[in-house]
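Read the structure below first, then the notes.
Number of protein chains: 2
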Amino acid sequence: MSNHGDATLPGHWGPPYLLYLGNPADDLAIKTARGVAYWRPEWCVGQYRHRDCKPTLGLPDISMAQAKAKGANTMMIGTANAGGMMAPEIIADTIAALDAGLNVVAGLHQKLRENPEIVAAARRNGRVLFDARDPAPGIPVGNGRPRAGRRLLTVGTDCSVGKMYTTLALERAMRQRGCAADFRATGQTGIFIAGSGVPIDAVVADFISGGAEWISPARSDDGWDLIEGQGSLFHPSYAGVSLGLLHGAQPDALVLCHEPTRRHMRGLPGYPVPELKRCLEANLVAARLTNPAVKAVGVALNTSSLSAPEALATCRQISDLLQLPCQDPVIMGVESIVDNLLACFAN
Amino acid sequence: MSNHGDATLPGHWGPPYLLYLGNPADDLAIKTARGVAYWRPEWCVGQYRHRDCKPTLGLPDISMAQAKAKGANTMMIGTANAGGMMAPEIIADTIAALDAGLNVVAGLHQKLRENPEIVAAARRNGRVLFDARDPAPGIPVGNGRPRAGRRLLTVGTDCSVGKMYTTLALERAMRQRGCAADFRATGQTGIFIAGSGVPIDAVVADFISGGAEWISPARSDDGWDLIEGQGSLFHPSYAGVSLGLLHGAQPDALVLCHEPTRRHMRGLPGYPVPELKRCLEANLVAARLTNPAVKAVGVALNTSSLSAPEALATCRQISDLLQLPCQDPVIMGVESIVDNLLACFAN
Chain A
1 MSNHGDATLP GHWGPPYLLY LGNPADDLAI KTARGVAYWR PEWCVGQYRH
51 RDCKPTLGLP DISMAQAKAK GANTMMIGTA NAGGMMAPEI IADTIAALDA
101 GLNVVAGLHQ KLRENPEIVA AARRNGRVLF DARDPAPGIP VGNGRPRAGR
151 RLLTVGTDCS VGKMYTTLAL ERAMRQRGCA ADFRATGQTG IFIAGSGVPI
201 DAVVADFISG GAEWISPARS DDGWDLIEGQ GSLFHPSYAG VSLGLLHGAQ
251 PDALVLCHEP TRRHMRGLPG YPVPELKRCL EANLVAARLT NPAVKAVGVA
301 LNTSSLSAPE ALATCRQISD LLQLPCQDPV IMGVESIVDN LLACFAN
Chain B
1 MSNHGDATLP GHWGPPYLLY LGNPADDLAI KTARGVAYWR PEWCVGQYRH
51 RDCKPTLGLP DISMAQAKAK GANTMMIGTA NAGGMMAPEI IADTIAALDA
101 GLNVVAGLHQ KLRENPEIVA AARRNGRVLF DARDPAPGIP VGNGRPRAGR
151 RLLTVGTDCS VGKMYTTLAL ERAMRQRGCA ADFRATGQTG IFIAGSGVPI
201 DAVVADFISG GAEWISPARS DDGWDLIEGQ GSLFHPSYAG VSLGLLHGAQ
251 PDALVLCHEP TRRHMRGLPG YPVPELKRCL EANLVAARLT NPAVKAVGVA
301 LNTSSLSAPE ALATCRQISD LLQLPCQDPV IMGVESIVDN LLACFAN
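Listed in order, the protein sequences are those of chains A and B. Using the working numbering, you'd call the opening residue of the first sequence number 1 and step up by one each time. Using the working numbering, you'd call the opening residue of the second sequence number 1 and step up by one each time.
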């Protein structure tokens, strides 16, 4: 794999991080920062907020200079907004961070490197800029050839139903059991957490499946690549990304992710969330094009809008319906899903 | 629609064209030039070939200066190669064309505007460069909202089975009957022929369905948008593009395109061409997400590898199998497909 965007290289972007929140519209706008703070708390020295910012990660509020003094290497712009554009205040704050001696990383569609003032400030301070939505150069067109190794992909009924959390929870649980298992990031938050990956929604359309092949190359150590899914085959805005990722991943195993209280597809009131059985079957049918032996091994629910008894009852009901283990990775863990995965691929 | 890439604007790229062949590897490498010469012969003043070039369009071989003297406005680089890169000789010839006073257009993944020598030559001569694979800025994310007007999309069992030819043949036949019908281009050759469009395989992955919505906006004149399909839901390299295009197009009508002698998916010996019935059904199922009323109205075959009696027999066989009119648009026209289309949407 290329070193592009590899946070583990010396002198490159990477932790420790100051998490920049600025002045976000709502709690959803800081989901990138929240993901990094949740999965890599040891990498986060503090958060930077404007005075009127209500959302918080529960980290100490510190200035850029304080962050630098506490050992931060990089300020991560952990906010997102519709369209991915940079507000003027984010540009000013980015320049201030560079002047304070921090590198800056962001995951917006609008790139840091496309703003001349930001580029000048980085150059003047000898700092690194990294756009997580900038795919590495040289990703090839997908070739569909069967490759060695085992791969699991999370797929969803909709966007934002917990595919990244589920995939990371599987990595943690499998490693705790001594399995070789590696999270493969396909979105900006995942890339910040993993330190590398492909922003699959930002590659040129012809290269979606190629990008998926590129992040999960052949492996021969009997371990698993756990590939972060994106979107949904049933989301009319993004299904092309989901299908290309499904084909390129050549998954042996699928885990279906779902938010049981979601009434309609994210952002599209006219589109109901697909029925679970139909959604899983459509993913299996499409996946068989590049891996005829693909199996569903579990269902992961985001039950954060349910009471504990409701969450348990819903998991049981869906488990009965699909004849698969069903858990909320954040509240219940993923042990029964891992049990089933390992049982299905025991040979 | 934006004026980006609109060949009908004064002082912009556009015909008359000198078609540049250079020194292509084989006949397939000049398919862009061949498409333009076939559909818009009145726009083509000649072809430019190197001495050792075997493929020909049957146009007069002329120099760049001769082309300019004959009224050519633009040299079109009508060759393609795997990966879409520019060979050194193409760079040199492009500069020579600019120095001869011609604008230059190309449809390669590697952009004219990314080569500093080419950009300098264009500036020095006051000439225009146009990269057909450069999507217009500002294409939005798809919104999936039902929109007015009627749309037909060509879909395929594979890449390069005649989707563009079929769509253009439908435009010609429908216009001859007095129907309002407009070809909507989604690939570089189609963009050169139509004078505008969206290179759907070159947009950022998140914007595939948005690009399809953008080129076929709501219309209220009772006419048809005829949208050029791309790839195939069954091609593991490009299916994401095909699905996003299918969702964004919201087609009322599908025409399935097929090459009956193709043994495996283009470039992928391990992947057989899908069975016609299964392929059509998969396209209809996926299309229903954004247009539940979608109907298949015909099948278009590329029978160029068959004898005339074989071609007729194959059309009859497939017509019986799918209960749809089946024709080779180039040899037989598309009248029976248009008959069925108009009968299906007669109200």
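Backbone N, C-alpha and C fix where the C-beta goes; we use that ideal spot for every residue, glycine too. These figures come from a predicted structure and were not determined experimentally.
When only Cα atoms are considered, B/Leu28 and B/Tyr165 end up about 15 Å apart. Under the criterion of beta carbons closer than 8 Å, B/Val273 and B/Arg262 qualify as touching, at roughly 5 Å.
Interface residue (Cβ-Cβ distance to chain A less than 8 Å): B/Thr32 is not classified as such. The criterion of a C-beta distance shorter than 8 Å is not satisfied by B/Val155 and B/Cys44.
Going by beta carbons, B/Cys326 and B/Gly298 fall inside the 8 Å limit. Here A/Asp93 is buried. Its C-beta has 16 or more other C-beta atoms within 10 Å. Using a CB distance cut-off of 8 Å, B/Gly142 counts as an interface residue toward chain A.
Looking from the CA of B/Glu171, the closest CA among B/Pro260, B/Val334 and B/Asn340 belongs to B/Val334. Straight through space, the alpha carbons of B/Ala148 and B/Gln230 are spaced by roughly 23 Å. Taking 8 Å as the threshold, the shortest C-beta distance from B/Thr290 to chain A falls below it.
Considering only beta carbons, the part of the stretch 243-266 of chain B lying closer than 7 Å to chain A consists of Leu243, Gly244 and His247, in chain order.
Separation of B/Ala72 and B/Ala97 (C-alpha to C-alpha, rounded to the nearest whole angstrom) is 11 Å. For the stretch 226-238 of chain A, the set of residues with a beta-carbon nearer than 7 Å to any beta-carbon of chain B comprises Phe234, Pro236, Ser237 and Tyr238, in chain order.
Going by C-alpha positions, B/Asp252 is about 29 Å away from B/Ala313. In its chain, beyond the 5 residues on either side, Arg151, Leu153, Ala212, Ser216 and Ile227 have a beta carbon closer than 7 Å to the beta carbon of A/Ala249.
Residues of the stretch 202-216 of chain B that bring their beta carbon within less than 9 Å of a beta carbon in chain A comprise Ala202, Val203, Val204, Ala205, Asp206, Phe207, Ile208, Ser209, Gly210 and Gly211, in sequence order. If you compare the alpha carbons of A/Gly240, A/Gln317, A/Pro329 and A/Ser304 with that of A/Ala286, the shortest gap goes to A/Gly240. For a cut-off of 8 Å, the C-beta gap from A/Arg40 to A/Ser160 is around 20 Å, too long to register as a contact. For A/Ile191, none of the residues of chain B pass the 8 Å Cβ criterion, the least Cβ distance being about 15 Å.
Proximity to A/Ala100 across A/Ala205, A/Thr74 and A/Met85 peaks at A/Thr74, based on C-alpha coordinates. Judged by DSSP in its simplified three-state form, A/Ile318 adopts helix. DSSP places A/Asp206 in no alpha helix (DSSP H); its state is neither H nor E.
Pairing A/Val36 with A/Ile139 gives a Cβ-Cβ distance that is not under 8 Å. By the Cβ neighbour-count rule, A/His264 is exposed, with fewer than 16 other Cβ atoms within 10 Å of its own. In the same chain as B/Asp26, and ignoring 5 residues on each side of it, the C-beta atoms closer than 8 Å to its own belong to Pro55, in chain order. Within the model, the alpha-carbon separation for A/Gln66 versus A/Pro60 is close to 11 Å.
Across the stretch 152-175 of chain A, no CB contact with chain B closer than 7 Å is found for any residue. Annotation for B/Arg175: the continuous alpha helix (DSSP H) segment containing it runs Lys163 to Gln176.
Classified as buried, A/Asp131 has 16 or more neighbouring CB atoms from the shown chains inside 10 Å of its CB.
In the assembly as shown, B/Asp320 is an exposed residue. Its beta-carbon has fewer than 16 other beta-carbons within 10 Å. At a beta-carbon threshold of 9 Å, the residues of chain B lying near A/Tyr271 are Gly144, Leu289 and Thr290, ordered along the chain. The three-state reading of DSSP puts B/Phe234 in coil, since its state is none of H, G, I, E or B. Take A/Ala194, set aside five residues on each side of it, and the residues of its chain with a beta-carbon closer than 6 Å to its own are Phe183 and Ala185, in chain order. Closer than 8 Å to the CB of B/Leu28 there is not a single CB belonging to chain A. Residues of the same chain with a CB within less than 8 Å of the CB of B/Asn23, apart from the 5 flanking positions on each side, are Arg49, His50, Asp52, Cys53 and Glu89 in chain order. Here A/Met265 carries a coil assignment [DSSP, helix/strand/coil].
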